[in-house]
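Some notes on the structure that comes next.
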Amino acid sequence: MDLTQLLNGIALGSLLMILSSGLAMIYGLRGVTNFAHGALYMAGAYIAYSVAQQVSFWAALIAAPLVLAALGAVLELVFFRRLQHRNHIEVGLVTFGLAMIIERVIVIIWGERTLSVDAPPGLTGTTSVLGSDYPSYRLLVIGIALALAVGLVYWLRKSRVGLHIRAASHDVETSAILGINVDRVSLLVVCIGAALAGLAGTLAAPYVSVHPAMGVAILIQVLIVVVIGGAGSIGGAMLAGMALGILQTVGAIWAPSLSVLIPYAALVVVLLWRPQGLAGKRA
Amino acid sequence: MTIFEGRGLSVRYGAVKALTNVDIALEPGLVHGVIGPNGAGKSTFIDGLSGRARVSSGVVTFNGEDITARSPRWRRRHGIARSFQRTSVFNSMTVRHQLEMVAERNGESDLASLVDTLGLAPVMDRVCSEIAYGTQRSVDLALALIGDPKVVLLDEPCAGLVQDESVRMLQHVRDICREREVAALLVEHDVEGVFRTCDRITVLNLGEVLASGEPAEVRSNPAVVQAYLGSAA
C-alpha cells in the first residue's frame, strides 16, 4: 500500500466521518435512526452543484450546509418533536418516507442525469505529499474533516451548549427535569446534523459524481459506521468512519472482489465482539 | 401551612387503575413519607405529582395555584424538583460539571454549602461512573436540591444503598429539608427509615390510601398492621 492509497482511504473516511457524526448526534439525542440522512447528503451535493454553477464552490460550501440546517429545523419541528413519544420503528419509517420524498423532489428539480462539479480553482491540480503527487482537492476534504472533528469534539466537551447536548444525549427526560431546554438543544442538534450532511454532500460533489442514487449508496455505509462506532457516540462514529474509509480503499486494492463486503464483515465482527460498538456503553 | 397539595388524584394506565383518589399536603421543612408494598402506586403517585404521568382526575396545587396541567420542566423551574428510583447522574461527566450545569440552569446561590453538607467535595472532579454508588446517590440528591426548590419529590433515594448509607441519606434528607425549609415527599422501601425520618406518613395499598398521619398514629393503625407491617409490628 502506498501513500496515495492511504490518502484515498483517509479522504473517503473523512466524508464518512462528517456524515456519520451528524447521524450519531441526531440518534444520540432523539433516538431516531434518520433514514433521510443519505437524502440530506444528496440534497447538499445538488445544492452545491447549482450554487457552484451560479456563484462559486466556496459559496456552495457555505450555502449548502445553511440550506440543509433549515431543512433540519423543519425535520425537527414538524416530525421529530411531534413524534418523540412514538416508537422508534414508526419514526424510522417516517424518515424513510421523507428520504423518498426528498429524492423525488431532487429528481424533479435537477433531473436523473449524473452531474459533475469542478474542484475550485487552485485545487484542481496535485500537491506533493512526502514525494507523492496527490489531488489537492482531496487534501482539502481531509483538512476540513479533521478540523471539523477536532472543533466538534472540543465544542461538545468545553462549551456550555456542548454540556447540555451531552446531558440530553445521556437522558432526555432527566435533563428536562433538571432544567435543560431539551427542545432547544434538539433543534440545534438536528440542524447541525443536517448541516453536516449538507457539508459532506458539498465536499463529495467534486470528488464523486452527483446522481440520484448517491444518498442511498452512502446511507448504508453510514448506518454501519454509526453502529460500529457505538450508536449515539459522536467520537465513535468519527473513528469508525475513518477506519472504514481506509479499510475499504485498501481492501479494494488488496482483494478487489471482496472489498464490497468489508463494511458488512466489520459490522458482524464488531457486533459479535463488542455489541455496544467501539465507543458505546454496555447496556 | 400547605405549600404543595394533591387532591383526589387518580392515575389510569388504560384500564388499569394505578392510583385512586389519593390526597396529600406538603408543608415547608417537613418530610412526608409514602410507603406501601410493590405495586401500591408509590412511583405512579410521584409521577402524577411531578407531571410525568397524566392524572385522570384530581388537582395538584402549588402555593394555591392549580398546576395539574403544567409540564415537569415548568414545575422544576418554579421550585418543584424530583428524583427517580434510578439515579439522574450523567455517567460521562464529572460531578462538578453536572452540578454546575444544573446550578446554572436553576439559579443555585449556595452550591458550595450543599456540596459540603453532602460530603461531595472530595469527588467533585471525578467522573460519575467512577465514584461509588452511594456517592452517586448523594450527587443525585444534590441535583434535586439545586436551585433552592420549595418542594422535592424523592423516589426511593436509598435504593441500592447498604444500611449505613441508607441511614446517612435519610438523615441528610431530613436535615437539609429542615434547614432549607423544603417540603419533601419521600417514597421509600426502607419502612423503618421512613418512620425514623418522616413527620407524616401515608400508606398506599393497591393504589389507594390505607392510612395517613403521624408516624406513631400510622404504626398503630390496625389496617396498616394487618396489610403491611405484619402482626409483629
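As they're listed, the protein sequences go chains A and B.
Residue 150 in the numbering used here sits at position 161 of the first sequence, and the numbers go up by one each step.
Residue 642 in the numbering used here sits at position 139 of the second sequence, and the numbers go up by one each step.
All residues carry an ideal CB built from backbone N, CA and C; glycine is no exception.
Note that this is a predicted model, so its numbers are computed, not measured.
For residue j and residue i, believed in contact at Cβ under 8 Å, the rounded distance
| i | j | result |
| --- | --- | --- |
| Y30 of chain A | G230 of chain A | Not quite, the Cβ-Cβ distance comes to about 13 Å (not below 8 Å), so this is no contact. |
| G187 of chain A | V96 of chain A | Contact flag wrong, Cβ pair sits at about 18 Å. |
| G511 of chain B | G561 of chain B | 4 Å |
| V697 of chain B | L688 of chain B | About 11 Å; that fails the 8 Å criterion. |
| G218 of chain A | G(-2) of chain A | That pair is no contact at about 17 Å. |
| G11 of chain A | G221 of chain A | With 8 Å as the limit, G11 of chain A and G221 of chain A do not qualify as a contact, their Cβ atoms being about 12 Å apart. |
| S574 of chain B | S513 of chain B | 20 Å between Cβ atoms; not a contact. |
| T22 of chain A | G111 of chain A | Between G111 of chain A and T22 of chain A the Cβ distance is about 39 Å, and since that is not below 8 Å, they are no contact. |
| P195 of chain A | A52 of chain A | About 15 Å; that fails the 8 Å criterion. |
| A49 of chain A | A41 of chain A | 5 Å |
| T523 of chain B | E711 of chain B | 5 Å |
Close-in-space but distant-in-sequence residues of the same chain around residue i (CB under 6 Å, 5 per side omitted)
| i | result |
| --- | --- |
| I213 of chain A | P252 and L256 |
| I549 of chain B | L656, D658 and V690 |
| L533 of chain B | D702 |
| A647 of chain B | A584, S586 and V655 |
| A606 of chain B | L614 and I649 |
| L673 of chain B | G696 and T700 |
C-alpha distance - residue i paired with residue j, whole-angstrom precision
| i | j | result |
| --- | --- | --- |
| A193 of chain A | D(-9) of chain A | 23 Å |
| V626 of chain B | V598 of chain B | 7 Å |
| D702 of chain B | V537 of chain B | 11 Å |
| E79 of chain A | L176 of chain A | 20 Å |
| F507 of chain B | T590 of chain B | 24 Å |
| I273 of chain A | A0 of chain A | The structure shown does not extend to residue 273 of chain A, since chain A is modelled only from -10 through 272, so no value can be given for it. |
| A272 of chain A | S39 of chain A | The pLDDT assigned to A272 of chain A is 42, lower than 50, so where the model puts this residue is not dependable, and the model offers no usable value. |
| R677 of chain B | E668 of chain B | 14 Å |
| Q73 of chain A | P124 of chain A | 44 Å |
| A645 of chain B | L141 of chain A | 30 Å |
| L35 of chain A | N609 of chain B | Note that residue 35 of chain A corresponds to Tyr in the displayed sequence, not to Leu. Cα-Cα distance, rounded: 45 Å. |
| G509 of chain B | T564 of chain B | 6 Å |
| S612 of chain B | L104 of chain A | 60 Å |
| R671 of chain B | P652 of chain B | 21 Å |
| A735 of chain B | A726 of chain B | Low confidence applies to A735 of chain B: its pLDDT is 45, below 50, so where it sits in the model is not reliable, and the reading given next is rough at best. If you take the alpha carbons of A735 of chain B and A726 of chain B, they lie about 13 Å apart. |
| V199 of chain A | G554 of chain B | 50 Å |
| I54 of chain A | G33 of chain A | Reading off the sequence, residue 54 of chain A comes out as Pro, not Ile. Whole-angstrom Cα-Cα distance: 7 Å. |
| E633 of chain B | A615 of chain B | 22 Å |
| R579 of chain B | A686 of chain B | 14 Å |
| F24 of chain A | L167 of chain A | 31 Å |
| V525 of chain B | R75 of chain A | 30 Å |
| P201 of chain A | A58 of chain A | 21 Å |
| G240 of chain A | A37 of chain A | 30 Å |
| P540 of chain B | S715 of chain B | 15 Å |
| D569 of chain B | I704 of chain B | 24 Å |
| P245 of chain A | T84 of chain A | 33 Å |
| E162 of chain A | Q43 of chain A | 46 Å |
Test: residue i CB closer than 7 Å to a CB of chain A
| i | result |
| --- | --- |
| M627 of chain B | no |
| R699 of chain B | no |
| V605 of chain B | yes |
| F593 of chain B | yes |
| A735 of chain B | Its pLDDT being 45, under 50, A735 of chain B is placed unreliably by the model, and the measurement read from it follows with that caveat. Answer no: the Cβ-Cβ gap between A735 of chain B and chain A never drops below 7 Å. |
| R608 of chain B | yes |
| P725 of chain B | no |
Nonlocal neighbours in the same chain, by C-beta distance under 7 Å from residue i, ignoring five residues either side
| i | result |
| --- | --- |
| M14 of chain A | V178, I181, G182 and I223 |
| G61 of chain A | V179, C180, G182, A183 and A184 |
| A206 of chain A | none |
| W47 of chain A | P109 |
| G266 of chain A | V216, I217, G218, G219, A220, S222, G225 and V259 |
| G20 of chain A | H77 |
Contact with chain B by residue i, beta-carbon distance below 7 Å
| i | result |
| --- | --- |
| R271 of chain A | Note that R271 of chain A has pLDDT 47, beneath the 50 cutoff, so the model's placement of it is unreliable and no number is given. |
| H74 of chain A | no |
| G33 of chain A | no |
| T163 of chain A | yes |
| L167 of chain A | yes |
| H159 of chain A | yes |
Contacting residues, own chain, Cβ-Cβ under 8 Å from residue i (five flanking each side not counted)
| i | result |
| --- | --- |
| L135 of chain A | S3 |
| C631 of chain B | V592, F593, N594, S595, M596, T597, V598, Q601, Q639 and V642 |
| V118 of chain A | L(-8), L(-4) and L128 |
heavy atom of the ligand GDP below 6 Å from residue i C-beta
| i | result |
| --- | --- |
| V211 of chain A | In the structure shown, the ligand GDP is absent, as is every other ligand, since no ligand is present at all. |
Within 8 Å of chain B by C-beta, residues of the region 127 to 157 of chain A in sequence order | Only those residues of the region 127 to 157 of chain A whose C-beta falls short of 8 Å from the nearest C-beta of chain B are listed: R149, L152, H153, R155 and A156.
Members of the region 572 to 584 of chain B near chain A, C-beta cut-off 9 Å | Under the 9 Å Cβ criterion, the region 572 to 584 of chain B contributes S574, P575, R576, R578, R579, R580 and A584.
For the region 179 to 201 of chain A, enumerate the residues whose C-beta is nearer than 7 Å to any C-beta of chain B, in chain order.
-> Listed by position, the residues of the region 179 to 201 of chain A near chain B (Cβ gap below 7 Å) amount to none.
Going along the chain, which residues of the region 22 to 52 of chain A sit with their C-beta nearer than 7 Å to a C-beta in chain B?
-> Residues passing the 7 Å Cβ filter: none.
Determine which residues of the region 637 to 656 of chain B have a Cβ less than 9 Å from any Cβ of chain A, and write them out in chain order.
-> Listed by position along the chain: L646, A647, I649 and G650.
Please list the residues of the region 664 to 686 of chain B that have a C-beta atom closer than 9 Å to any C-beta atom in chain A, keeping them in chain order.
-> Within the region 664 to 686 of chain B, no residue has its Cβ closer than 9 Å to any Cβ of chain A.
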